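Engineer: So the sequence lines, in the order shown, correspond to chains A and B. Using the working numbering, count along the first sequence one by one with no gaps and you end on 271. Using the working numbering, count along the second sequence one by one with no gaps and you end on 237. Note that the Cβ used here is the ideal one computed from N, Cα and C, for glycine as well. Please read these numbers as outputs of a predicted model, since none were measured by experiment. I have a structure here, written as structure tokens, and I will follow up with some questions on it.
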Amino acid sequence: MNGVHDMGGMDGFGKVEPESNEPMFHEEWESRVLAMVRAMGAAGAFNIDTSRFYRETLPPDVYLSSSYYKKWFLGLEEMLIEKGYLTREEVAAGHAIQPAKALMHGKFDLGQVERIMVRGKFARTAPAPAKFNIGDRVRARNIHPTTHTRLPRYVRGHVGVVELNHGCHVFPDSAAMELGENPQWLYTVVFEGSDLWGADGDPTSKVSIDAFEPYLDPA
Amino acid sequence: MSEHHHHHDHDHSELSETELRVRALETILTEKGYVEPAALDAIIQAYETKIGPHNGARVVAKAWTDPAFKTALLEDGSKAIGTLGHVSRVGDHLVVVENTPQRHNMVVCTLCSCYPWEMLGLPPVWYKAAPYRSRAVKDPRGVLADFDVTLPKDMEIRVWDSTAETRFLVLPMRPEGTEGWSEEQLAELVTRDSMIGTGFPKTPGAPS
Numbered sequence: 053m054n055g056v057h058d059m060g061g062m063d064g065f066g067k068v069e070p071e072s073n074e075p076m077f078h079e080e081w082e083s084r085v086l087a088m089v090r091a092m093g094a095a096g097a098f099n100i101d102t103s104r105f106y107r108e109t110l111p112p113d114v115y116l117s118s119s120y121y122k123k124w125f126l127g128l129e130e131m132l133i134e135k136g137y138l139t140r141e142e143v144a145a146g147h148a149i150q151p152a153k154a155l156m157h158g159k160f161d162l163g164q165v166e167r168i169m170v171r172g173k174f175a176r177t178a179p180a181p182a183k184f185n186i187g188d189r190v191r192a193r194n195i196h197p198t199t200h201t202r203l204p205r206y207v208r209g210h211v212g213v214v215e216l217n218h219g220c221h222v223f224p225d226s227a228a229m230e231l232g233e234n235p236q237w238l239y240t241v242v243f244e245g246s247d248l249w250g251a252d253g254d255p256t257s258k259v260s261i262d263a264f265e266p267y268l269d270p271a
Numbered sequence: 030m031s032e033h034h035h036h037h038d039h040d041h042s043e044l045s046e047t048e049l050r051v052r053a054l055e056t057i058l059t060e061k062g063y064v065e066p067a068a069l070d071a072i073i074q075a076y077e078t079k080i081g082p083h084n085g086a087r088v089v090a091k092a093w094t095d096p097a098f099k100t101a102l103l104e105d106g107s108k109a110i111g112t113l114g115h116v117s118r119v120g121d122h123l124v125v126v127e128n129t130p131q132r133h134n135m136v137v138c139t140l141c142s143c144y145p146w147e148m149l150g151l152p153p154v155w156y157k158a159a160p161y162r163s164r165a166v167k168d169p170r171g172v173l174a175d176f177d178v179t180l181p182k183d184m185e186i187r188v189w190d191s192t193a194e195t196r197f198l199v200l201p202m203r204p205e206g207t208e209g210w211s212e213e214q215l216a217e218l219v220t221r222d223s224m225i226g227t228g229f230p231k232t233p234g235a236p237s
């Protein structure tokens, strides 16, 4: 979707402000939110792409004015309600009222912690040979789905060069909408800064994205 | 409501509202039998103790001292790091990109906050915030200026937008004046930002 989360190339957000000696969490509740997201995801309530989509679909003013973990919290709560794991009534009451919905991988308990400290695997068996080779010129498709996609707006319609082939991966556009993993070839595609931004870009810059095959046409 | 209580609520109204909502959610998830609170504590503890830029720093220092490891690292980051028993376990799809006198690399996630957690820990707020995510791809030198980093005018600057489940780690250039240093000494020079590409390693002898 063309949401405010797709920020690459936008102006007006001001300077980057690094914080020296930044703590890992600024508030204790942030750590609880992180843990709940990881735990419920690992228990099978949702996949990583679906959780990203719920953050992206927060109203734009909420997205822009909420802290990072506040967005995580709001996305988590809404997603768990919509997926039937809890109800608005329970959220208002602050207690369980309805029976639980079964989780695909069962309750998240202490024995599960170790396995989530290593990233999940996203590589899948290829259903077909790769369409593109390293060095091929490709054009990012001019697509504007209202559902989840990982093709940022700032590259759409532009021509780049395939630089790396990462193999076949879970396709976020399908997985986020719970339409299955639909594995697709994944490439690093590099664009000249001056192609993306014209005379307003930095001629010494190159920008790459990791693009799934359905995002690309031969150029 | 007592005056004291009222005052407290007023000062922390926004935070306490979020805090209450987060607590309520955890209560519901616990009561419904979805999560064990002790498992949530353990997740937090693991993030606080096991991951962090010290992991990335050891990988970088190893690459600076061991040419065969460096070659393997640039060829397949996940595989090469997997051979180092002392570094936290790394997931698949880690790509290590090398800074050279001709090219500087910088990593961003314009769409959300993708970041090599196992190598660098949880990302800092600025990495996840709009100013960095919006400008890194259009005006990377302007962003670097916010970090007091200046590159030679004709140096290529390469920005890696982490739009998939691949993760990127920058291998910075080894500082001059470190000939004969041990891996442990070198690791001390490797900063988090130097592995994101928004900084350089520390210089030997300079105040930290």
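1) In this structure, what does DSSP give as the bridge partners for Gly212/A?
2) Should Gly158/A go down as buried or exposed, given a rule of 16 or more other Cβ atoms within 10 Å for buried?
3) Go ahead and pull the three-state DSSP assignment for Asn185/A.
4) Among the residues of its own chain, which have a CB less than 7 Å from the CB of Met30/B, if the five just before and after it don't count?
5) Are the C-beta atoms of Ile195/A and some chain B residue less than 7 Å apart?
6) Kindly indicate which three-state DSSP category Val242/A falls into: helix, strand or coil?
7) Considering just the uninterrupted stretch of the beta strand (DSSP E) at Asn73/A, what are its terminal residues?
8) Find out if the Cβ-Cβ distance for the pair Asn134/B, Val199/B is shorter than 7 Å.
9) Please compile the residues from chain A whose C-beta is within a distance smaller than 9 Å of the C-beta of His83/B.
10) Are the CB atoms of Gly55/A and Tyr206/A within a distance shorter than 7 Å?
11) Check the Cβ-Cβ distances between Pro112/A and every residue of chain B, and say whether any is below 7 Å.
12) Give the DSSP-derived three-state secondary structure of Ala263/A in the structure shown.
13) Here's a check: name, in chain order, each residue in its chain whose Cβ is nearer than 6 Å to the Cβ of Ala91/A, leaving out the five neighbours to either side.
14) For Pro266/A, tell me which candidate among Gly253/A, Ala251/A, Ala154/A and His196/A has the shortest Cα-Cα distance.
15) Kindly indicate which residue of Ala68/B, Thr220/B, Gly62/B and Ile225/B has the alpha-carbon position closest to the one of Ile149/A.
16) My parser needs the alpha helix (DSSP H) runs of 4 or more residues fully inside the segment 128-154 of chain A; what are they?
17) Could you tell me which residues DSSP puts in a beta bridge with Ile73/B?
18) Just to confirm, are Trp93/B and Arg203/B a CB contact at a threshold of 7 Å?
19) Between Gly60/A and chain B, is any beta-carbon pair separated by less than 7 Å?
20) So what's Asn217/A in DSSP terms, helix, strand or just coil?
21) Quick one: Cα of Gly127/A to Cα of Lys182/B, how far?
22) Taking 7 Å as the cut-off, decide whether the C-beta atoms of Ile110/B and Val124/B are in contact.
23) Mapping the DSSP letters down to three states, classify Ala228/A as helix, strand or coil.
24) For chain B, find out if any of its Cβ atoms is closer than 7 Å to the Cβ of Gly209/A; answer yes or no.
25) Examine chain B for any beta-carbon lying closer than 7 Å to the beta-carbon of Arg167/A, and answer yes or no.
26) By the criterion of Cβ-Cβ separation under 7 Å, what are the contact partners of Thr256/A in chain B?
27) In this structure, how does DSSP classify Trp210/B when only helix, strand and coil are distinguished?
Structural biologist: Looking at the atomic coordinates:
1) Numbered from its first residue, the first sequence carries residue 212/A at position 160. Answer is Val190/A, bridged to Gly212/A.
2) Here residue 158/A refers to the residue found at position 106 when the first sequence is read from its first residue. Exposed: under 16 other Cβ atoms inside 10 Å.
3) Residue mapping note: residue 185/A aligns to position 133 of the first sequence, counting from 1. The answer is coil: DSSP assigns Asn185/A none of H, G, I, E or B.
4) For the purposes of this step, residue 30/B is taken as the residue at position 1 of the second sequence. Only weak support exists for where Met30/B lies, its pLDDT of 37 falling under 50; the coordinates are left without a value.
5) In the first sequence, counting from the first residue as 1, residue 195/A sits at position 143. No, Ile195/A lies away from the interface with chain B (no Cβ there is under 7 Å from its Cβ).
6) For the purposes of this step, residue 242/A is identified with residue 190 of the first sequence, where counting begins at 1. Looking at Val242/A - three-state DSSP - the assignment turns out to be strand.
7) Residue 73/A sits at position 21 when you count from the first residue of the first sequence. Asn73/A -> no beta strand (DSSP E), and no H or E assigned at all.
8) Residue mapping note: residue 134/B aligns to position 105 of the second sequence, counting from 1. Residue mapping note: residue 199/B aligns to position 170 of the second sequence, counting from 1. Yes.
9) Reading the second sequence from its first residue, position 54 is the one you call residue 83/B. Ordered by position in chain A, no residue passes the 9 Å Cβ test against His83/B, which lies about 13 Å from the chain.
10) Within the first sequence, the letter at position 154 stands for residue 206/A. Within the first sequence, the letter at position 3 stands for residue 55/A. Cβ atoms of Tyr206/A and Gly55/A: not closer than 7 Å.
11) Along the first sequence, one-based indexing puts residue 112/A at 60. Not one chain B Cβ lies under 7 Å of Pro112/A.
12) Taking the first sequence and counting its residues from 1, the one referred to as residue 263/A is at position 211. Three-state DSSP puts Ala263/A in a strand.
13) As a first step, residue 91/A must be located in the first sequence, where it is residue number 39. Phe160, listed in sequence order.
14) Your numbering for residue 266/A matches position 214 in the first sequence. Taking only the C-alpha atoms, the option nearest Pro266/A is His196/A.
15) Reading the first sequence from its first residue, position 97 is the one you call residue 149/A. For the residues Ala68/B, Thr220/B, Gly62/B and Ile225/B, the minimum Cα distance to Ile149/A belongs to Gly62/B.
16) 140-145
17) Position 44 of the second sequence, counted from the start, is the residue given in the question as residue 73/B. None; Ile73/B has no bridge partner.
18) Along the second sequence, one-based indexing puts residue 93/B at 64. Along the second sequence, one-based indexing puts residue 203/B at 174. Yes. Within cutoff.
19) On the first sequence, position 8 is the one that residue 60/A refers to. Yes - at least one Cβ of chain B is within 7 Å of the one on Gly60/A.
20) Within the first sequence, residue 217/A is the residue found at index 165, counting from 1. In the structure shown, Asn217/A sits in a strand (DSSP, three-state: E or B).
21) Here residue 127/A refers to the residue found at position 75 when the first sequence is read from its first residue. Here residue 182/B refers to the residue found at position 153 when the second sequence is read from its first residue. Cα to Cα, Gly127/A sits roughly 42 Å from Lys182/B.
22) Numbered from its first residue, the second sequence carries residue 110/B at position 81. Numbered from its first residue, the second sequence carries residue 124/B at position 95. No, the Cβ-Cβ distance between Ile110/B and Val124/B is not below 7 Å.
23) One-based indexing of the first sequence puts residue 228/A at position 176. In the structure shown, Ala228/A sits in coil (DSSP, three-state: anything other than H, G, I, E or B).
24) For this step, residue 209/A is matched to residue 157 along the first sequence. Cβ-Cβ to chain B under 7 Å: no for Gly209/A.
25) Numbered from 1 along the first sequence, position 115 holds the residue referred to as residue 167/A. It does not: the Cβ of Arg167/A has no partner Cβ on chain B nearer than 7 Å.
26) Translated into the one-based positions of the first sequence, residue 256/A becomes position 204. By Cβ distance, chain B contributes Asp183, Met184, Glu185 and Ile186.
27) As a working mapping, residue 210/B is identified with position 181 in the second sequence. Coil at Trp210/B, not helix or strand.
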